[in-house]
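Asks: Our numbering numbers the first residue of the sequence shown as 26 and each following residue consecutively.
Got a structure here, written out as structure tokens. Questions coming.
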Amino acid sequence: MSKRAVRRHYGVAVVGVTGAVGLEFLKILAQRRFPIKELRVFASNRSIGRYVRFKNSRLKVQCLTNEAFRGIDIAFFSAGGSVSKQWAPVAVRSGAVVVDNTSAFRMDPKTPLVVPEVNPQAIKKHRGIIANPNCSTIQMVVALKPLHDYARIKRVIVSTYQAVSGAGLKALDEMLREARSILDNRPFQRKIFPHQMAFNALPQIPQSAAFGRDGYTVEETKMMRETNKIMGDNSIKVVATCVRVPVCHSHSEVVNIETARPLSPAQARILLRKAAGVKLLDDPSREIYPLAVLAAGKDEVLVGRIRQDPTIKNGLTFWVVADNIRKGAALNAVQIAEVLIGTAGCRP
């Protein structure tokens, strides 16, 4: 009998279940056979009374109340920062551990910000809430971790090419409808994006947020600040440019690093081939490298196109791709919960 089979089962809640990440939570919990005693699902008022499918059953979407989390051990939140700020403390007071997929608690110094392949030890420090990082940050730090351990990264320059699904199901639908309208030469009234998204690239994420006084977007600032916290090293200098591209699923990133010690592309390949959560696809001579369509639906972070940066001493450039809804959100949160229930000294 497997170790997982003898574990006790847990009361689990998913908040924001009708969104893209919420639905992915249900899929991953089933696929990974998470030990569930009871599963409760919650969403906004307009979704109350709807049903979602989990395995062979239908679950009714419930309303959040002060009593909603009684008997719940682990609560996954993915319904927006304001919802998390209001209801995550309620869940904690009811005895649950919250794994929050919003930005509400990520930079709170008392809240662990966790990618299990990078800093699982931080989970033990939780006080009821564990933050799930930004999707773009997650895939990057999974690739950075083994390189940092070997050669100590001094600086990171990252440019992202982010899928429209990262903006939500409605945004993805708008982009697809806009593309059809353009191809059919029909007028289209967009509601979500400030500019044409189909057949275009938009250097503003999120599309509804203003640029900061420093000229950086919210997404770029998240990547820069979260990387230091997750890696546990504030000396790493990080600068990001985040761009939305007309791809449905999976974020792609160009990552350029400068290391304190020499690190050749060959050494990097050896390290990444052995790294947890990484799949190396790096044979450009045979046109083998990470692609968004290859990463979609996969658990691994795909890394390839590893090459020396000739402009600086100890510089490397590489290409990183991962499913933003899966590893970039729901899977990472479930992996946190899996570490949680298997780690001594952690609740539950």
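All C-beta atoms, glycine included, are put in the ideal place defined by N, C-alpha and C.
Taking the Cβ atom as the reference point for each residue, do V183 and E278 lie within a distance shorter than 8 Å?
Replies: In the sequence shown, counting from the first residue as 1, residue 183 sits at position 158. In the sequence shown, counting from the first residue as 1, residue 278 sits at position 253. In contact: V183 and E278 (Cβ atoms closer than 8 Å).
Asks: Between the C-alpha atoms of Y76 and I282, what's the straight-line distance to the nearest angstrom?
Replies: On the sequence shown, residue 76 is found 51 positions in, with the first residue counted as 1. On the sequence shown, residue 282 is found 257 positions in, with the first residue counted as 1. Distance between the alpha carbons of Y76 and I282 is about 46 Å.
Asks: Would you check if the region 314-329 and the region 253-261 touch, i.e. whether three or more CB-CB distances between them fall below 8 Å?
Replies: The region 253-261, when compared against the region 314-329, does not touch it at the 8 Å Cβ threshold.
Asks: Thinking C-beta only, is Q232 closer than 8 Å to P212?
Replies: What you label residue 212 is simply residue 187 of the sequence shown in a count that begins at 1. What you label residue 232 is simply residue 207 of the sequence shown in a count that begins at 1. The answer is no: Cβ separation not under 8 Å.
Asks: Who are the near neighbours of T43 in its chain, counting only those whose CB is closer than 6 Å to its CB and skipping five residues on each side?
Replies: Walking along the sequence shown from the start, residue 43 turns up at place 18. Once the five neighbours on either side are set aside, the close Cβ partners of T43 are A68, S72.
Asks: So, with DSSP's three-state summary, where would you put C160?
Replies: Within the sequence shown, numbered from 1, the residue matching residue 160 stands at position 135. In the structure shown, C160 sits in a helix (DSSP, three-state: H, G or I).
Asks: Check whether the Cβ atoms of Q187 and C267 lie closer than 8 Å to each other.
Replies: What you label residue 187 is simply residue 162 of the sequence shown in a count that begins at 1. What you label residue 267 is simply residue 242 of the sequence shown in a count that begins at 1. A contact, by the Cβ cut-off of 8 Å.
Asks: Taking 8 Å as the limit between beta carbons, can you name the residues of its chain near E49, skipping five residues before and five after?
Replies: Reading the sequence shown from its first residue, position 24 is the one you call residue 49. Taken in chain order, the residues that qualify are I350, R351, A354, A355, L356.
Asks: Does the contact criterion of 3 or more C-beta pairs under 8 Å hold for the region 289-304 versus the region 200-214?
Replies: As far as the Cβ criterion goes, the region 289-304 does not touch the region 200-214, which means the pair count is below three.
Asks: Run through DSSP, which three-state label would E363 get?
Replies: On the sequence shown, residue 363 is found 338 positions in, with the first residue counted as 1. Reduced to three states, the DSSP call for E363 is helix.
Asks: Going by DSSP in three states, Q333 sits in which element: helix, strand or coil?
Replies: One-based indexing of the sequence shown puts residue 333 at position 308. If DSSP states are grouped into helix, strand and coil, Q333 belongs with the strands.
Asks: Looking at L297 and I148, is the spacing between their C-beta atoms short of 8 Å?
Replies: Here the question's residue 148 lines up with position 123 in the sequence shown. Here the question's residue 297 lines up with position 272 in the sequence shown. For I148 and L297, no; Cβs fall outside 8 Å.
Asks: Write down the C-beta distance between L194 and A45 rounded to the nearest angstrom, noting that I regard them as a contact closer than 8 Å.
Replies: By 1-based counting over the sequence shown, the position of residue 194 is 169. By 1-based counting over the sequence shown, the position of residue 45 is 20. Yes, they are in contact, since the Cβ atoms of L194 and A45 sit about 5 Å apart, within 8 Å.
Asks: How many angstroms separate the CA atom of S107 from the CA atom of A285?
Replies: For this step, residue 107 is matched to residue 82 along the sequence shown. For this step, residue 285 is matched to residue 260 along the sequence shown. S107 and A285: Cα-Cα distance of roughly 41 Å.
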